[in-house]
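Quick notes on the structure that follows.
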Amino acid sequence: MSPIRMSNRLSPSLRLALIYLLVSATWILVSDSVLYQISSDSATTALLQSVKGLLFVMTCTLLIFFVSRRFYGDINRSLMQSEELLRKYQALNEASKEGIIDYDIASDTASINEQLRQFLGLPTTGIISFSTLHKKWIHPEDLQRVMRSFEETLASNSTVWHAEYKVRWHDGRYRDVINKGCILREKRSGVAQRFICTLQDVSELRHMQAHMYEQRLQNKLSLGRSIIKAQEEERNRWATELHDNVCQVLTVVKLYLSELSSGR
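Letter by letter, the sequence shown follows residues 388 to 651 in our numbering.
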């Protein structure tokens, strides 16, 4: 491992302590050696020792000031970046019409955005015993299917899960939702740690699809009735024409028979 990479992994406080140790040891060894070479008088040596000590304190003070300013500058920049990301995340939550869930699988706790809190009528965005509460939201007809699918996905190596089911809204009505998200796993063991997902209300879409299907079915039934009606009218027309033709033929035959009878 390179020294630069190793220094980046050290904490700022440890790096500052190591720098101070290195400078102090170097100062003591070098300054004492120079002092003994230039002074043989004990009084002068004591004075130089005092001056050397003051210079050491001033040097270390300046060193600590500049090094700590650099370290804390990096920390402040990191904090500012974190705050900026947090503001963007909050803005995204406020602008999004979807519910967002950040589920910690190990602790069974979750954090949801404000939209989902309002949808479900919850008192807070932080949820304890999330799995128990989540089961209460799901429609009884969908519960076993959804939980079985989620547990099988967690047991596998998959990192993506999605399902469509009904969820009880704050007004007591069930809404069709699509739940899709990403599973974060521990790199070595592959154990699922977090599940981050969105909950999208698709009730209006499903209602529109059902309405369109019903409309298409009505159109097909109407078209079928029109075809049957046209076929019946065609048969009636042919029957009328055939009846008229038969009557005409019978009339002619009757005339011929009458002439034959009168001729005899």
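Backbone N, C-alpha and C define an ideal beta-carbon position, used for all residues, glycine too. Being a predicted model, the structure only gives us computed values, none of them experimental.
Item	Value
Where the alpha helix (DSSP H) through histidine 521 begins and ends	517 to 524
Straight-line gap, threonine 585 to valine 564 (C-alpha atoms, nearest Å)	10 Å
With 16 other Cβ atoms within 10 Å as the buried cut-off, status of tryptophan 625	exposed
Collapsed DSSP secondary structure at aspartate 491 in the structure displayed	strand
Cβ contact check for the region 570 to 589 and the region 545 to 561: 3 or more pairs under 8 Å	yes
Contacts around lysine 553, its chain only, beta-carbon distance under 8 Å, and the 5 residues preceding and following it disregarded	Ile525, His526, Glu528, Asp529, Tyr561, Arg562, Asp563, Val564
Per DSSP, cross-strand counterpart(s) of lysine 553	Asp563
Simplified DSSP state of glycine 508, which is helix, strand or coil	coil
Cβ shell of proline 390 (< 8 Å), same chain only, five flanking positions each side left out	Interpretation of proline 390 is limited by its pLDDT of 48, a score under 50 that renders its predicted location unreliable; the figure taken from the coordinates is listed afterwards. Cβ neighbours of proline 390 beyond the five flanking positions: none.
Identified DSSP bridge partners for glycine 568	Trp548, Cys584
Glycine 486, buried or exposed, once every other Cβ within 10 Å from all chains shown has been counted against 16	buried
Alpha carbon of serine 469 to alpha carbon of valine 417, nearest angstrom	44 Å
Glycine 577 - DSSP class collapsed to helix/strand/coil	coil
Local Cβ density within 10 Å of methionine 595, reported as buried at 16 or more and exposed below that	exposed
Nonlocal neighbours in the same chain, by C-beta distance under 8 Å from lysine 522, ignoring five residues either side	Leu530, Met534
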